[in-house]
Amino acid sequence: MELFGKKKGIDGETSRRITALRFILMVLVVLIHANLKEDDALNYYHLDFVQPAWIGWLKNFVCDSLGGAAVPLFFFFSAYLQFRKNDRYSVLLKKRARTLLVPYMAWTLLTVLLYFVAQSIPQTAQFFANPINIVRNWRGLDWLKIFTYHNLDEGLRPPLVYQFWFLRDLMIFIVLSPLLRLVLVRFPSAFLALCAAYLCGLPVFITPSTGALFFYCAGLLAAEKDVDFFALSDRLRFGEYLALIAFVELVSAFSSALIGTLKIALYCLFWLKVSRFIVQSGRAYAVAERLSGYSFFLYAVHTPFLGTAINKLSWRLIPLHGLGCLAQFVAAGLLTILLGTVGGIVLKRICPKAFALLSGGR
């Protein structure tokens, strides 16, 4: 069964511009998870943390503003590419089992092994002492929860591998995609209702994140209605984007709740615009295209294997006062990105089958 009509395909320009953004957006995801917040530092980790306001703003601008567009765009691109390719439902499920489910299971089991080994060594056990993650204490449904909703105390209710909430929700959307498409195409008002739910922060029960469903459905409709979103982003000049960003950041300092959704939309368009400059530069695109092949590996390995360890080590080595807060953020983020990418390159060369398994064949 086709998900909608005839295959429409993906033109070369759109494909290149999406490819140009993959690694950059993944870098932003890594930086988001490297951003130590003051509340977490003081209340959760009990660190001596004194961060100047301007450093806090700079980190939040990179992670929450520029980085706030990363996950929405990943959901949007995933749906858009899926519905433009328009594989038969059975073929789609087989492909996504290989590209999403297999690496999802593999990385989760590797994480369980990491926790078990680290908790068995006295010198490292103190770093893996969160009661919910003690492998020896898991019983029955705990082993199912590590793949679904391991931590129920957090808003996203993530699985054991925290960042895999994205893959979990995406797989749910893919399974339900024929139904989602049917509802959205036959009842356009359903998307307006979803918009309202997203803007108001109302739950939709399909996913803990209403925003995730919103951007997936937006990508679905963009594919269905032949929306050229890159052309839309190109209508504004780069200088106009910078002016809008300055205005939005100024307003959000006084009313962040009211302008949050507008910020995400603006920064999504901004990154779509940036992709044009990358594609127009032959060298820049060649680098972006090569690195895009390691985006998923970096996504999967950056926590808890790299990012968590590097963050906790850097908190002990770098004084978290003044410029030290910025130095720790930059050092931890860049080191995680470097080691994660190089690790993927090395693994692909020495054991391409293992890399293919862990990266879903990408």
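Per our numbering, the sequence shown starts with residue 4, numbered consecutively.
Even glycine gets a Cβ: it sits at the ideal position worked out from N, Cα and C.
query, result
"Alpha helix (DSSP H) containing Asp237: first to last residue?", "Phe232 to Asp237"
"In whole angstroms, what separates the C-alpha of Phe217 from that of Ile124?", "44 Å"
"Within the same chain, show all residues whose beta-carbon is closer than 6 Å to that of Ala128, passing over the 5 residues directly before and after it, in chain order.", "Gln122"
"What's the call for Thr151, buried or exposed, on a 16-neighbour Cβ count within 10 Å?", "exposed"
"Quick check: Thr264 and Leu309, are their CB atoms within less than 9 Å of each other?", "no"
"Return the bridge partner residues of His324 from the DSSP annotation.", "Val53"
"Which residue comes first and which comes last in the alpha helix (DSSP H) that contains Gly15?", "Gly15 to Ala37"
"Out of Leu183, Leu113 and Arg184, point me to the one whose CA is closest to Leu163's CA.", "Leu113"
"Which residues bound the alpha helix (DSSP H) around Phe308?", "Per DSSP, Phe308 belongs to no alpha helix (DSSP H) and is neither H nor E."
"Restricting to runs no shorter than 3 residues, where is the beta strand (DSSP E) found entirely within the stretch 60-110?", "none"
"For Gln126 versus Leu323, is the C-beta distance shorter than 9 Å?", "no"
"Checking 9 Å against the spacing of the C-beta atoms, do Phe300 and Leu361 come in under that value?", "yes"
"Between Tyr92 and Leu337, what straight-line distance do the alpha-carbon atoms span, to the nearest angstrom?", "40 Å"
"Whose CA, out of Leu224, Ile281, Gly327 and Ala249, lies closest to the CA of Leu69?", "Ala249"
"So, are the CB atoms of Val277 and Ile27 less than 9 Å apart?", "yes"
"Quick one: which unbroken alpha helix (DSSP H) runs of 4-plus residues sit fully inside the stretch 195-255? Chain order, please.", "213-227, 232-237 and 241-255"
"Check whether the Cβ atoms of Ala225 and Tyr83 lie closer than 9 Å to each other.", "yes"
"Determine the direct distance from the alpha carbon of Ala199 to that of Leu350, and round the result to whole angstroms.", "45 Å"
"Ordered along the chain, which non-local residues of its own chain (more than five positions away) have a Cβ less than 7 Å from that of Ala330?", "Ile321"
"Just how far apart, CA to CA, sit Pro211 and Arg139?", "28 Å"
"So the candidates are Leu294, Thr344, Phe241 and Glu292; which of them puts its Cα closest to the Cα of Ala269?", "Here the sequence assigns Leu to residue 269, which means Ala is not the residue at that position. Leu269 has its Cα closest to that of Phe241, out of Leu294, Thr344, Phe241 and Glu292."
"Can the beta-carbon of Gly204 be found less than 9 Å from the beta-carbon of Ser81?", "no"
"Specify the secondary structure class of Arg160 as computed by DSSP and reduced to three states.", "coil"
"Could one say the Cβ of Ala289 lies closer than 9 Å to chain D's Cβ atoms, at least one of them?", "The structure shown has no chain D; it contains just one protein chain."
"What residue range does the alpha helix (DSSP H) around Phe167 cover?", "Element bounds for Phe167: n/a, residue is neither H nor E."
"What are the start and end residues of the alpha helix (DSSP H) that includes Trp146?", "Asp145 to Lys148"
"What is the DSSP secondary structure of Thr339, counted as helix, strand or coil?", "helix"
"Can you give me the C-alpha to C-alpha distance between Leu24 and Ala291, rounded to a whole angstrom?", "7 Å"
"Count the other CB atoms within 10 Å of the CB of Asn314; is the residue buried (16 or more) or exposed (fewer)?", "buried"
"Pull up the distance between the alpha-carbon of Phe7 and that of Phe77, whole angstroms please.", "At Phe7 the pLDDT is 44, less than 50, meaning the model places this residue with poor confidence; the figure from the coordinates comes in the next sentence. So the alpha carbons of these two residues sit roughly 21 Å apart."
"Please report the straight-line C-alpha distance between Trp57 and Trp146, rounded to a whole angstrom.", "43 Å"
"According to the Cβ coordinates, are Gly71 and Lys266 closer than 9 Å?", "yes"
"Quick one: is Arg184 buried, meaning 16 or more other Cβ sit within 10 Å of its Cβ, or exposed?", "buried"
"Please classify Lys356: is it buried, with 16 or more other beta-carbons within 10 angstroms of its beta-carbon, or exposed?", "exposed"
"For a quick check, are the C-beta atoms of Glu227 and Val188 less than 9 Å apart?", "yes"
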